[in-house]
Amino acid sequence: MQDHAFIGRQPILNRQQQIIGYELLFRLNKEAISAEFSSDMQAGTNVLVNTISNMGTDWLVGSKLAFINVAESMLESNFLELLHPQRVVLEIVETTQPTPELLGRLKELRAQGFGIALDDFILTPQTAAFVEFANYIKLDIQQLGMPQVPAISKELRKYPVLQVAEKVETKPEFKECMDIGFDCFQGYYFAHPETLSAKVINPSYANILNLLNMLRNNAEIKDIENALKRDVALSFKLLRYINSAGFGLSCEIQSFRHAVTILGYQKLYRWLTLLLVTAGAETGAAPALLKTAVTRGRLVELLGAHFLDGQDRDNLFIVGMFSLLDVLLDMPMDRVLETLILPENVCDALQHRSGVYGPFLELAEACEDPEMSEVPRLCEQLQLTPEMLNRAHVQSLTWVEELGV
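With our numbering, letter number 225 in the sequence shown gets 307, and the count goes up by one each step, no holes.
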């Protein structure tokens, strides 16, 4: 276990709230090695090399960029040969003085196709030389303090680099950073519930909630079919998802009745949960929120695959998918659960992170935390090795890309 890192992720979003890439986070046992390698740089390098070489190219997801932290000492290492230049942004941390050697190396890396990001960058007359070779500059808004950020951002706008606001944790912070003119945003502000008020459920969701409850109650096929026919767009999306590469069926599903025959109610239910989450696109929800919910669904399912099977696996998928329903529907989770007929152990996981499914959801959420502090403990509790977690993590991200969510 000591030779490999646990991999986590944090999405990086553009101004349209679409995910353009992920910062890959690494954690070795009890010690985070995501943004800082100062404790033992060589150990950090070895862990990254072992982990990424074991994964081959699987960790490259769709068309997304991978942002990877590298200390200056790693810029000369053979580690970089394992990477895919056109898809990787090297985040340079702990930048000191721009020596001719260091600037020359950055120029070489840019020529090879790598993107360069300057992390925790402070602009001074000395460090300005770095900016010539950078594609991105990341500003930690918590560390700098929001009152300082506008002036720093304005000063950096003289240079042709994209500015990334880091540690954006609330929607007001996001709005402020948008107004300042940041190009990209990092942080889970889009997935955090605000003070939620119980309100009327949007019609886009109401029909799907009704269909989900009909399936749980084993309603007649013709009744479910009629409910679907009332929403042509819904029927179309359902068939599109079922026939996507992510589903892996050998024949094309032509109709809802055909889907029931091939899949059965339980499998159909999980595809309607996908529709419920992605219906948020019509209601103005951030694309990143929808993608995060679907990724969680698949990740929670894969994490539990060696423990549970059959209906339990479908329930794990539903737990992950529904874990952001409070944010999506803009109402407290207990109120959301009043509108759905769900098994008690699913409700326990969603409300309290307890029961048989709770720890798997906790682990999926812990992989989104920049500190990744709970990941080793939860993996140990669930008897998951770093390899098992990393494989599940990458497979879930790839699956979401295949679905085209």
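Just so it is clear, CB atoms sit at the ideal spot from N, CA and C, and this is done for glycine as well.
**Q.** Pair within 8 Å by beta-carbon distance, ILE223 and LEU238
**A.** no
Q.
Does the stretch 368-384 come into contact with the stretch 395-412, if we say contact requires no fewer than three beta-carbon pairs (one atom in each stretch) closer than 8 Å?
A. yes
Q) Going along the chain, which residues of its own chain have a beta-carbon closer than 7 Å to the beta-carbon of GLU258, five neighbours each way excluded? A) MET228
Q. When the distance is taken between beta carbons, is GLN268 closer than 8 Å to GLU248?
A. yes
Q.
For THR209 and PRO180, which I take to be in contact (beta-carbon distance under 8 Å), what is that distance rounded to the nearest angstrom?
A. 7 Å
Q) Going by DSSP, which residues form a beta bridge with TYR104? A) PRO93 and ALA148
Q) Taking Cβ to Cβ, would you say ILE290 is nearer than 8 Å to ALA361? A) yes
Q: May I ask you to verify whether the stretch 328-339 touches the stretch 456-467, counting CB pairs closer than 8 Å and requiring at least 3?
A: no
Q: Give the straight-line distance between the Cα atoms of GLN230 and LEU371, rounded to the nearest whole angstrom.
A: 29 Å
Q: State the Cα-Cα distance for the pair ARG192 and GLU183, rounded to the nearest angstrom.
A: 14 Å
Q | Extent of the continuous alpha helix (DSSP H) run through VAL401 | A | 393-404
Q.
With H, G and I counted as helix, E and B as strand and the rest as coil, what does DSSP make of ILE134?
A. helix
(Q) Report the start-end ranges of each alpha helix (DSSP H) in the stretch 284-369 that is 4 residues or longer and not cut off at the edges. (A) 285-298, 303-311, 314-324 and 338-360
Q) Going by DSSP, what residues sit across from GLY52 in a beta bridge? A) Since the first residue of the chain shown is 83 and the last is 487, residue 52 is not available in this structure.
Q) So, using beta-carbon positions, are PRO435 and ILE400 closer together than 8 Å? A) Looking at the sequence provided, one finds Arg at residue 435 rather than Pro. Not closer than 8 Å, so no.
**Q.** Exposure of SER105, with buried meaning 16 or more beta-carbon neighbours within 10 Å
**A.** The identity of residue 105 in the sequence shown is Glu, whereas the question assumes Ser. Answer is buried; the Cβ neighbour count reaches 16.
Q) For GLU158, which beta-bridge partners are listed by DSSP? A) DSSP, once it has assigned bridges, lists no residue as partnering GLU158.
Q.
Would VAL243 and VAL213 qualify as a contact pair, given that the criterion is a beta-carbon distance under 8 Å?
A. yes
Q. How would you call ILE115, buried or exposed, if buried means at least 16 neighbouring beta carbons within 10 angstroms?
A. Caution applies to ILE115, whose pLDDT of 44 falls short of 50 and renders its modelled position unreliable; the model cannot decide the point.
Q. Closest to ARG417 by CA distance: which of ASN299, ILE283, SER455 and ASN300 is it?
A. ILE283
**Q.** Same chain, Cβ closer than 7 Å to GLN99, neighbours up to 5 away in sequence not counted
**A.** PHE272, ALA368, PRO369 and ALA370
Q) By DSSP, does GLU426 sit in helix, in strand, or in coil? A) helix
**Q.** Segments assigned alpha helix (DSSP H), at least 4 residues, entirely inside the stretch 180-259
**A.** 182-194, 210-213, 223-226 and 231-238
(Q) At the level of alpha carbons, what is the spacing between VAL409 and ASN217? (A) 33 Å
Q: Go through its chain and collect everything with a Cβ distance to LEU485's Cβ below 6 Å, but skip five positions before and after it.
A: SER326 and GLY328
Q | Spatial distance of ARG71 from GLU426 (CA atoms) | A | Outside the shown range of the chain (83 to 487) lies residue 71, about which nothing can therefore be said.
Q. Of the choices ILE101, ILE174, PHE215 and LEU185, whose alpha-carbon is the least far from that of PHE203?
A. ILE174
Q. Using DSSP with H/G/I as helix, E/B as strand and the rest coil, what is PHE88?
A. strand
Q. In whole angstroms, what separates the C-alpha of LYS319 from that of LEU357?
A. 7 Å
Q: Measure the CB-CB distance between PHE161 and ILE94 and report whether it falls below 8 Å.
A: no
Q: Please report how far the alpha carbon of LEU316 lies from the alpha carbon of GLU450, in whole angstroms.
A: 30 Å
Q: Under 8 Å Cβ to Cβ from LEU419, same chain only, skipping five residues before and after it: list those, please.
A: CYS429, LEU432 and GLN433
Q. Around the C-beta of GLN245, are 16 or more other C-beta atoms found within 10 angstroms, so that it is buried, or is it exposed?
A. buried
Q | Limits of the unbroken beta strand (DSSP E) element including GLN268 | A | 266-268
Q | Residue range of the alpha helix (DSSP H) that includes VAL143 | A | Taken as a continuous stretch (DSSP letters only), VAL143 belongs to no alpha helix (DSSP H), as it is neither H nor E.
Q. Comparing alpha-carbon positions, which option in LEU384, ALA233, LEU422 and GLY346 lies nearest LEU445?
A. LEU384
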